[in-house]
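In our numbering, the protein residues as written are 108 to 416. Each residue gets a CB set at the ideal place from its N, CA and C atoms; glycine is no exception.
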């Protein structure tokens, strides 16, 4: 760094957290889970530059959120259960407090959220397979998101929600063939969000947040023809996403394939060759605003060796 470097600010964060969890068996099959968490977060920011009304020489902010969860679990059989859970959460405003500015600390309160979830977990085929199913409804209030038109800055969002379903399973179909996969479907939208567009307040309520696909799916296959060799492949599907909060710019869905081979040389050493993006698909990994696209990695081949000593 040059001698003309001018320090910006020093952030000091002290956190004290107390939490307790409990599980009560109401019957042999039904149990109640409860938990509480209390945080005391103290943020102190010292400004090393010229103090102004919007950037004072020093300011302090303290947060004391109380969150918790409660749930019921019912064992249908020794291998399957169903559950329902309600939980609350609180996060620091505008991201990480160690880099928060005066505006972020003063203008944003804690991000709060609540989640309702019901689901089931089970095993099958004499324990050779397992699966989970969950339906959820999440609401977050007073959050901050990256400003698509001004990198490095954030804008306040009043409320955002997401409702969806998630399914995951793995199954050892034979002694040498294993299949795993997951799939999720989500409906996410802004509930309260007014964006400044050229000095005009525009409501984005009902729009989908940027970089959020409606569907994501993964599939993994593994075959072991001999004990020392494992062959496998993977598939990942991501549906289209919007690049802007107005939901006018989007990218198509994409599917990426991969393959690998792992050879166990001895008990301590394993050699793996992997091909990523087998079909060399050109796709958008993510968006940064409505005019910038980060492309996913092209076809890549890597070989690695892992050993213990």
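Give the single residue among the options whose Cα lies nearest to the Cα of residue i.
i: residue 322; options: 371, 293 and 334; result: 293
i: residue 180; options: 193, 168 and 172; result: 193
i: residue 359; options: 188, 139 and 390; result: 390
i: residue 314; options: 355, 275 and 138; result: 355
i: residue 334; options: 309, 342, 324 and 369; result: 369
i: residue 316; options: 325, 229 and 348; result: 348
i: residue 156; options: 170, 209 and 267; result: 209
i: residue 163; options: 171, 344, 154 and 303; result: 154
i: residue 250; options: 234, 267, 235 and 236; result: 267
i: residue 120; options: 141, 151, 350 and 127; result: 151
i: residue 212; options: 303, 284 and 169; result: 169
i: residue 411; options: 400, 382 and 399; result: 382
i: residue 184; options: 177, 178, 197 and 227; result: 227
i: residue 84; options: 402, 407 and 403; result: The first residue shown for the chain is 108 and the last is 416, placing residue 84 beyond what the model contains.
i: residue 125; options: 137, 307, 112 and 172; result: 172
i: residue 198; options: 134, 144, 178 and 182; result: 144
i: residue 230; options: 191, 186, 224 and 190; result: 186
i: residue 324; options: 364, 350 and 306; result: 364
i: residue 219; options: 130, 265, 337 and 371; result: 265
i: residue 127; options: 160, 307 and 141; result: 141
i: residue 207; options: 295, 116 and 225; result: 116
i: residue 289; options: 276, 281, 282 and 399; result: 276
i: residue 232; options: 372, 281, 367 and 405; result: 281
i: residue 396; options: 307, 388 and 252; result: 252
Quick check on DSSP: helix, strand or coil for residue i?
i: residue 210; result: helix
i: residue 437; result: Look at the range of the chain in this structure, 108 to 416, and you will see that residue 437 is not part of it.
i: residue 204; result: helix
i: residue 297; result: strand
i: residue 373; result: coil
i: residue 143; result: strand
i: residue 276; result: strand
i: residue 156; result: coil
i: residue 187; result: strand
i: residue 410; result: strand
i: residue 148; result: strand
i: residue 319; result: coil
i: residue 313; result: coil
i: residue 385; result: coil
i: residue 356; result: coil
i: residue 263; result: strand
i: residue 379; result: strand
i: residue 418; result: Since the first residue shown for the chain is 108 and the last is 416, residue 418 is missing from the structure and cannot be characterised.
i: residue 281; result: strand
i: residue 303; result: strand
i: residue 368; result: strand
i: residue 289; result: strand
Quick one: residues in its chain with C-beta nearer than 7 Å to the C-beta of residue i, no 5 flanking neighbours on either side, listed in chain order?
i: residue 312; result: 297, 298, 299 and 300
i: residue 205; result: 118 and 120
i: residue 328; result: 286, 339 and 340
i: residue 392; result: 401, 402 and 403
i: residue 136; result: 181 and 182
i: residue 284; result: 330
i: residue 138; result: 130, 131, 132 and 180
Sorted by chain position, which residues of the same chain lie with C-beta nearer than 8 Å to residue i's C-beta, five sequence neighbours on each side aside?
i: residue 122; result: 146, 147, 148 and 149
i: residue 113; result: 155 and 156
i: residue 352; result: 255, 297, 300, 302, 311, 314, 316 and 317
Let's see if you can read the secondary structure: which residues bound the beta strand (DSSP E) around residue i?
i: residue 322; result: 322-333
i: residue 131; result: 116-132
i: residue 248; result: 236-253
i: residue 180; result: 173-184
i: residue 308; result: 307-310
i: residue 220; result: 218-231
i: residue 341; result: 336-345
i: residue 112; result: From DSSP, residue 112 is part of no beta strand (DSSP E); its letter is neither H nor E.
i: residue 400; result: 400-402
i: residue 393; result: 391-394
i: residue 168; result: 165-170
Short of 6 Å in beta carbon distance, which residues of its chain neighbour residue i, apart from the five on each side in sequence? Order them along the chain.
i: residue 165; result: 153
i: residue 278; result: 236 and 286
i: residue 221; result: 195 and 246
i: residue 320; result: 345, 346 and 348
i: residue 342; result: 326 and 364
i: residue 54; result: Absent from the structure is residue 54, since the part of the chain shown begins at 108 and ends at 416.
- Say whether the stretch 272-286 touches the stretch 228-246, bearing in mind that this needs 3 or more beta-carbon pairs closer than 8 Å, one atom from each stretch. yes
- Validate contact between the stretch 401-416 and the stretch 371-387 using beta carbons, cut 8 Å, 3 pairs: They touch, by the three-pair rule.
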